[in-house]
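4 protein chains.
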Amino acid sequence: MSTASIQKLGRRLRLGVIGGAGGALIGPVHRLAARLDDCFELTAGVLSSDPARSKAEAARLNIARGYADMAAMIAGEAAREDGIDAVAIMTPNDSHARYVEMALNAGLDVICDKPLTNDYASSKALAVLARSKGLVLAVTYNYSGYPMLREARAAIAAGEIGEPQTLHAAYVSGSLGTLVEAEPEKMSSRTRWRLDSARGGPSHVLADIGTHVHQLVNFVAGQRIEAVLADVGAAVAGRTAHDTASVIVRLEGGARGPLFITKAATGAENAMSIEVYGQAGGLYWHHAAVNELRVMRHARPAEIRTRGLPTLHPLARAAARLPAGHPEAFHEGFANLYRDFAELAAARRANTTPDPLATCLPTGEDGAQGLAFCEACVASAESGKWVNLAQP
Amino acid sequence: MSTASIQKLGRRLRLGVIGGAGGALIGPVHRLAARLDDCFELTAGVLSSDPARSKAEAARLNIARGYADMAAMIAGEAAREDGIDAVAIMTPNDSHARYVEMALNAGLDVICDKPLTNDYASSKALAVLARSKGLVLAVTYNYSGYPMLREARAAIAAGEIGEPQTLHAAYVSGSLGTLVEAEPEKMSSRTRWRLDSARGGPSHVLADIGTHVHQLVNFVAGQRIEAVLADVGAAVAGRTAHDTASVIVRLEGGARGPLFITKAATGAENAMSIEVYGQAGGLYWHHAAVNELRVMRHARPAEIRTRGLPTLHPLARAAARLPAGHPEAFHEGFANLYRDFAELAAARRANTTPDPLATCLPTGEDGAQGLAFCEACVASAESGKWVNLAQP
Amino acid sequence: MSTASIQKLGRRLRLGVIGGAGGALIGPVHRLAARLDDCFELTAGVLSSDPARSKAEAARLNIARGYADMAAMIAGEAAREDGIDAVAIMTPNDSHARYVEMALNAGLDVICDKPLTNDYASSKALAVLARSKGLVLAVTYNYSGYPMLREARAAIAAGEIGEPQTLHAAYVSGSLGTLVEAEPEKMSSRTRWRLDSARGGPSHVLADIGTHVHQLVNFVAGQRIEAVLADVGAAVAGRTAHDTASVIVRLEGGARGPLFITKAATGAENAMSIEVYGQAGGLYWHHAAVNELRVMRHARPAEIRTRGLPTLHPLARAAARLPAGHPEAFHEGFANLYRDFAELAAARRANTTPDPLATCLPTGEDGAQGLAFCEACVASAESGKWVNLAQP
Amino acid sequence: MSTASIQKLGRRLRLGVIGGAGGALIGPVHRLAARLDDCFELTAGVLSSDPARSKAEAARLNIARGYADMAAMIAGEAAREDGIDAVAIMTPNDSHARYVEMALNAGLDVICDKPLTNDYASSKALAVLARSKGLVLAVTYNYSGYPMLREARAAIAAGEIGEPQTLHAAYVSGSLGTLVEAEPEKMSSRTRWRLDSARGGPSHVLADIGTHVHQLVNFVAGQRIEAVLADVGAAVAGRTAHDTASVIVRLEGGARGPLFITKAATGAENAMSIEVYGQAGGLYWHHAAVNELRVMRHARPAEIRTRGLPTLHPLARAAARLPAGHPEAFHEGFANLYRDFAELAAARRANTTPDPLATCLPTGEDGAQGLAFCEACVASAESGKWVNLAQP
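Chains as they are written, first to last, in our numbering: chain A, 503 to 894; chain B, 503 to 894; chain C, 503 to 894; chain D, 503 to 894.
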């Protein structure tokens with residue numbers, strides 16, 4: 503399961519993590535994803551601002567060294583022969599910009615949770631910084647790690663449906679379907695900082711799941727959303743934070759269609775979906791059937807491609823660990839990003855060319871486009887007009 | 503299967519039909535739906551403008567009397583003791599206004615294919631005319647005849663999900679996914695007149711399927727779409743007629759969300775869907791599982807309600823003919839409108855109160871709102887701004 | 503929708519019905535199916551043994567003439583120029599043998615509900631009688647009217663999956679999941695006579711739904727079940743009637759596999775399914791997705807064929823009334839048998855060759871094989887050994 | 503993610519592995535599952551019989567010490583303070599008996615791939631040996647690690663559907679749908695040894711997937727299959743190994759129903775399913791919707807329970823890592839067995855009571871019952887009669 507460049511490098515990469523301790527959801531996912539293919543050793547971590555607690559938590563998680571903050575981790579690791587090669591950032595959104603910058607400036611490759619930062623300008627600056635330093639900056643848009651979404655991307659790139667002419671996507675969640683703010687004492691700290699615009703960003707729903715949908719469309723269609731006409735706000739009575747966005751998008755190639763992005767869909771469970779159509783056919787994927795891609799064709803039966811089939815495009819085949827019929831899911835998709843990250847970072851260190859199949863890993867520029875999308879949606883909702891996204 | 507008021511009236515209603523001969527899809531559907539519950543005798547028809555052909559076609563279809571035009575049918579039937587009670591109109595859109603008006607003025611109840619006419623003003627006038635004469639004017643928005651969509655309407659009316667706070671609907675068809683206009687000689691006459699804006703209306707996709715989605719939302723939510731922000735146009739390169747609309751809607755109660763309405767989704771097969779959410783839960787229905795309604799609930803398992811279950815709301819139970827597990831579909835849904843129409847028309851003639859469960863039949867006013875929706879979407883797409891629908 | 507031979511004959515067939523009045527499920531289904539394509543006029547009926555009630559019920563159902571018994575109907579109709587051409591039988595099972603025989607001896611074509619009779623010998627005799635008289639004897643195994651099961655049959659006949667090598671089918675119903683016999687006063691008369699072995703036959707579950715599964719397998723595979731190894735009994739504690747059968751079957755060509763046939767599956771809703779595999783691929787159909795057939799292929803994506811697609815086999819295309827995406831279901835499937843019956847009966851009267859696509863209509867011989875299956879299963883369950891079915 | 507007893511023990515368990523190198527499917531799965539929750543360090547391995555290759559392979563897989571055979575690993579590790587605590591066995595079936603015995607005799611806890619051995623007597627002996635030594639002997643019936651199958655087990659144990667009265671299960675695979683034996687040079691070594699009865703066991707399909715279905719039924723129903731009536735053989739023409747079994751089972755409590763177990767279903771992809779019914783309701787699960795359990799109820803809508811919901815039974819909740827809507831799949835299910843194994847083995851070493859939720863881990867006795875099932879099926883197929891399974 504290790505990668506070609508890891509084999510060339512002759513060792514696993516040493517990874518430092520910041521954030522993700524305690525009750526967080528995303529910490530265990532990142533750590534599990536990092537370990538899944540055995541490309542990384544988790545050797546350092548910032549797991550609390552209290553030095554003793556950070557060490558204890560590191561020990562509990564089988565991470566060799568615990569630090570109290572990013573600066574200490576960078577300094578401490580730089581002083582070691584076996585210091586970390588890369589950093590994984592899974593802290594609240596408002597801290598991403600600072601941590602990514604510190605890590606890049608220390609010469610470390612970086613993998614960061616989405617959104618990359620809370621505004622376009624800072625994200626763009628990080629993307630530029632990473633490129634100028636020749637370092638890897640990856641953003642964990644984890645849905646693009648799913649094999650069948652990679653198949654969708656490859657199928658469109660291969661012209662199987664013709665030029666995209668219309669599209670439709672959704673992310674329908676019920677996690678904020680009720681007014682959880684009415685009982686603040688019951689809110690998790692994770693929900694609390696996310697709904698706080700100073701920490702979670704100016705538009706909660708766009709930052710938290712809108713960026714996923716934006717990246718999903720760009721990733722699958724193989725082209726940018728260039729303009730939006732949006733309605734953004736709170737669907738739940740009494741709420742001030744944004745929980746729902748309806749967005750009509752236009753791709754560079756001219757295809758248009760609506761996105762439905764909501765956390766106010768009580769009872770819905772992370773129901774993500776995308777469909778794209780050209781003159782020759784269409785594609786449909788939804789999260790509940792994560793191992794399938796429906797490929798539609800003009801006046802012929804639809805085809806159900808399943809993860810693991812030998813007939814899939816190489817990009818999808820490389821992302822599968824198990825044969826068809828043995829389901830894979832969220833963790834493996836997330837791990838695909840870590841594996842791609844390992845490949846790119848190891849190739850850099852081993853001075854070799856990375857596997858081209860790993861290069862669809864979302865970059866800092868993709869992260870910046872996510873913030874461009876958020877800002878354009880908010881601007882459109884305020885003006886009631888079409889707004890162009892910042893150019894990459 | 504007959505209705506209470508039909509029993510009181512003591513006889514089936516006599517129905518005249520206009521249109522639907524030859525290769526049309528919709529003619530057989532109307533006639534089958536009218537006959538399904540044996541509430542109507544099809545006794546007269548205008549099936550060709552050539553008198554001899556109209557008679558021959560009538561004979562072939564077991565319709566007693568064939569006429570060459572609407573005026574002749576009205577005059578001929580008025581002269582008989584056993585003349586028709588009602589007229590079913592299934593001609594091209596641009597003729598609806600004239601035929602509905604003639605029928606109403608002759609004192610006949612009317613059931614008309616959608617869209618009611620090609621513009622709001624004429625539809626509104628027909629709705630007013632029908633009401634002033636005390637006649638039934640029904641529009642065959644057939645999806646509202648589906649038992650599980652009636653269950654959805656009843657569930658929301660009963661408060662099961664709370665006040666609607668967000669929603670999403672789609673009608674995804676591939677019937678115009680390719681540039682069929684490039685080979686006009688292969689186009690059916692039905693496709694030809696529909697794409698001709700003089701006959702099919704100014705915006706093909708909105709008139710043809712947008713009106714269905716609009717009515718579906720209003721019907722299920724139990725409230726009006728009051729404003730839209732829309733993008734309407736041709737997705738297929740080289741086309742001038744509208745084939746795709748993305749519409750963000752706002753309901754009277756404040757709920758918002760996007761609609762995806764397209765005939766350019768190559769390979770898609772009439773994929774209609776709707777989901778509505780409130781604080782207490784949500785509903786999801788899609789056409790491919792026409793006999794099911796998914797009822798979501800906060801932090802509890804979803805429920806799958808199926809057509810025929812004894813626990814359904816009376817509105818849904820009355821619309822089912824078979825026990826759960828024995829699927830019903832398009833024809834029965836269409837026939838439910840004809841049965842409701844029979845009940846209302848027979849109640850009028852029998853001077854009795856109609857079954858309240860038949861009163862959700864789409865009216866002329868519903869038809870007029872459909873045109874208000876089309877016109878508001880086109881105006882919004884032109885101005886790039888929110889536009890209010892004409893008030894009923 | 504009428505058939506070629508009906509057109510040649512120049513008139514609809516006149517049909518007499520026996521049974522199906524009152525609260526029965528199956529009466530409305532037969533009448534609706536008979537009327538759906540307008541191939542039949544329902545002109546006579548035996549709807550009660552009380553002459554006055556039979557007439558009243560006939561009037562209520564728009565059937566011209568009501569009789570008190572089969573003999574009276576046959577005599578009365580024979581005396582008329584416009585007497586009935588055919589009889590549809592939907593009475594309790596134990597009366598089928600007598601009524602079918604009377605009708606055939608009167609020169610009438612017959613369509614009879616399944617099971618044809620309550621034992622193999624009598625069914626076989628009727629099949630022989632029908633053939634000797636050159637009359638049509640059809641049995642309403644309605645599932646074989648479903649377009650996608652006709653596609654399955656045609657696909658196997660065309661060699662698309664290779665020779666069937668293994669198979670699996672099920673009919674999972676919950677209608678007897680609880681001990682309904684504990685409250686006999688709440689049982690419908692229909693349930694009562696079916697559970698009474700004198701009227702419903704010696705093995706309720708086999709007669710009532712086992713015959714459907716048996717015919718489904720034979721119909722799709724295009725070959726006979728020739729032997730069975732079975733377990734038959736009551737799953738519900740306290741019941742004496744058979745409610746569940748597990749049957750391992752062997753087809754003539756050697757393919758083997760299990761059938762699960764039960765009415766004791768509380769909460770299940772008529773969940774019928776079949777899958778058949780050969781070396782080249784497999785087929786899967788289930789009732790909940792009645793308009794789809796999954797076609798599997800070795801090391802390639804599965805294909806979803808949908809009712810209405812132009813690429814289907816002619817046998818399936820001829821059985822569809824609506825385009826793909828517009829669902830059809832139980833009534834249309836049932837009506838396909840009536841349409842085939844009309845075609846065969848009209849061809850006989852018009853002295854013409856019937857449409858070959860109508861000839862897959864289940865015959866008396868198919869009905870007899872159904873009883874052979876029931877008897878072989880019971881014998882196997884008693885002996886614990888493989889038992890061969892009576893040869894046709 | 504670590505377990506309570508691991509926390510008490512204060513360290514991860516040290517695991518030795520035997521087998522699973524090279525192109526094998528199952529080796530990566532075992533190693534990934536063992537590492538997923540970070541309860542184990544993989545510190546020793548037998549990865550080749552060539553000492554140098556075993557070391558190199560160990561290094562490639564980040565396993566500290568590579569040995570050439572089981573005896574060497576046991577001896578080498580026993581000599582170390584930080585020697586292994588447990589062994590994971592993933593070699594061909596015919597070697598399991600010997601390796602399990604050696605490990606148990608060395609005082610090591612064991613987790614072994616299924617089938618436990620190739621015959622009942624040897625499996626039973628191992629189960630007795632493990633118990634007599636107080637060691638953990640687990641068998642990786644991985645499907646019982648799926649949260650929703652644990653929910654099914656818990657729901658039946660809680661009486662939610664009443665006493666099981668009928669059931670149905672299937673494992674439908676196409677991996678041997680064609681005559682792969684015709685091109686032996688293209689067969690993987692894994693397929694070769696499995697089809698060789700000396701190594702893979704006397705009945706391939708029963709050993710390879712039949713044991714899974716058997717355990718699935720016992721696990722969910724909470725009771726033993728006590729007798730079988732079976733048909734076992736080769737569906738694919740020209741094959742001698744068993745590829746298909748149809749088995750009618752009887753549970754201890756009297757419930758009966760069929761199993762369909764085949765690898766000859768060309769195009770099918772590991773399609774496992776189970777349904778169990780009692781008087782109060784039923785349960786249905788299938789592999790393609792691994793995160794869902796359908797709970798049916800008499801005359802009420804079915805309920806869809808999803809992995810991660812707070813309303814699930816504790817046994818299911820403890821088996822989920824992610825919230826509802828974030829899918830988990832094969833690896834996590836497999837890892838649940840490793841986590842349970844870690845808990846039981848650590849509890850033994852820490853001299854504490856293990857978490858009761860970990861005690862549904864399949865034991866040596868469950869492994870032995872699997873072989874009892876295989877042998878009873880073969881005996882029944884030969885005699886054509888019901889055969890009782892060996893008593894535990």
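Yeah, the Cβ is synthetic: ideal placement off N, Cα and C, and Gly gets one too.
Residue environment, Q781 of chain D, which counts as buried when at least 16 other CB atoms sit within 10 Å = buried
What does a CB cutoff of less than 8 Å around R537 of chain A pick up in its chain, not counting 5 residues either side in sequence?
-> L544
Can you pull the chain C residues whose beta carbon is under 8 Å from the beta carbon of H800 of chain D, in chain order?
-> G676, G679, T680, T768 and G769
Taking only beta-carbon atoms, is G886 of chain A less than 8 Å away from chain B?
-> yes
Residues of chain C with CB under 7 Å from S748 of chain D, in chain order?
-> I750, R758, G759 and P760
Just checking my contact of H716 of chain A with I727 of chain A at CB under 8 Å: how many whole Å lie between their CB atoms?
-> 6 Å
How big is the Cα-Cα spacing for D857 of chain A and A848 of chain A?
-> 11 Å
Report the residue ranges of all alpha helix (DSSP H) runs contained in full by the segment 505-586 of chain C; include only those spanning at least 4 residues, in chain order.
-> 506-511, 528-538, 553-562 and 572-580
Mind checking who P760 of chain D pairs with in its DSSP beta bridge?
-> D:I750
Exposure of A700 of chain A, with buried meaning 16 or more beta-carbon neighbours within 10 Å = exposed
Does any residue of chain B bring its CB to less than 8 Å from the CB of L898 of chain C?
-> Residue numbering for chain C in the displayed model covers 503 to 894; residue 898 of chain C lies beyond these limits and cannot be assessed.
Could you confirm whether any beta carbon from chain C is found closer than 8 Å to the beta carbon of G784 of chain D?
-> yes
Where does N853 of chain A sit, in a helix, a strand or coil, going by DSSP?
-> coil
Nearest candidate by alpha-carbon position, reference K765 of chain D, set C:G783, C:A860, C:A627 and C:T713 | C:G783
If the cut is a Cβ gap below 8 Å, which residues of chain D does E777 of chain B touch?
-> Result: empty, since nearest Cβ-Cβ is about 15 Å, beyond 8 Å.
Can you give me the start and stop residues for the alpha helix (DSSP H) that L817 of chain D sits inside?
-> P816 to R819
Using 8 Å as the Cβ pair cut-off and three pairs as the minimum, do the segment 757-773 of chain C and the segment 663-675 of chain C touch?
-> yes
Kindly list, in the order they appear in chain D, the residues whose Cβ is closer than 7 Å to that of T668 of chain C.
-> A737, T746, T764, A766 and A767
For H788 of chain B, which three-state DSSP category applies?
-> strand
Tell me which same chain residues have a C-beta within less than 7 Å of the C-beta of R696 of chain D, skipping the five on either side of it?
-> G702, H706 and D710
Determine the burial state of D611 of chain A: buried for a count of at least 16 other Cβ atoms within 10 Å of its Cβ, exposed for fewer.
-> buried
Using 10 angstroms around the beta-carbon of S690 of chain D, count the other beta-carbons present and answer buried if the total reaches 16, otherwise exposed.
-> exposed
Interface residues of chain C around L731 of chain D at Cβ under 9 Å?
-> L731, A732, D733, S748, I750 and G886
Applying a beta-carbon distance threshold of less than 9 Å, which residues of chain C neighbour Q781 of chain D?
-> G679, T680, L681, V738, A739, A766 and T768
Smallest Cα separation from A870 of chain C: which of C:T642, C:A770, C:D584 and C:G512?
-> C:T642
If I'm right that P760 of chain A touches H670 of chain A with Cβ under 8 Å, what's the distance once you round it to whole angstroms?
-> 6 Å
Have a look at M798 of chain C and A831 of chain C and give me their C-alpha separation to the nearest angstrom.
-> 23 Å
Buried or exposed: V719 of chain A, going by 16 or more other Cβ atoms within 10 Å of its Cβ?
-> buried
CB of I658 of chain A within 8 Å of CB of V751 of chain A, strictly = no
Tell me whether the beta-carbon of G810 of chain D lies closer than 8 Å to the beta-carbon of A822 of chain D.
-> yes
Counting only the same chain and skipping the five closest in sequence on each side, list residues whose C-beta sits under 6 Å from that of T619 of chain B.
-> H598, A599 and S625
Own chain partners of E827 of chain D with C-beta closer than 8 Å, once the 5 adjacent residues on each side are dropped | Inspection of the sequence shows that residue 827 of chain D is occupied by Gly rather than by Glu. T808 and G810, listed in sequence order.
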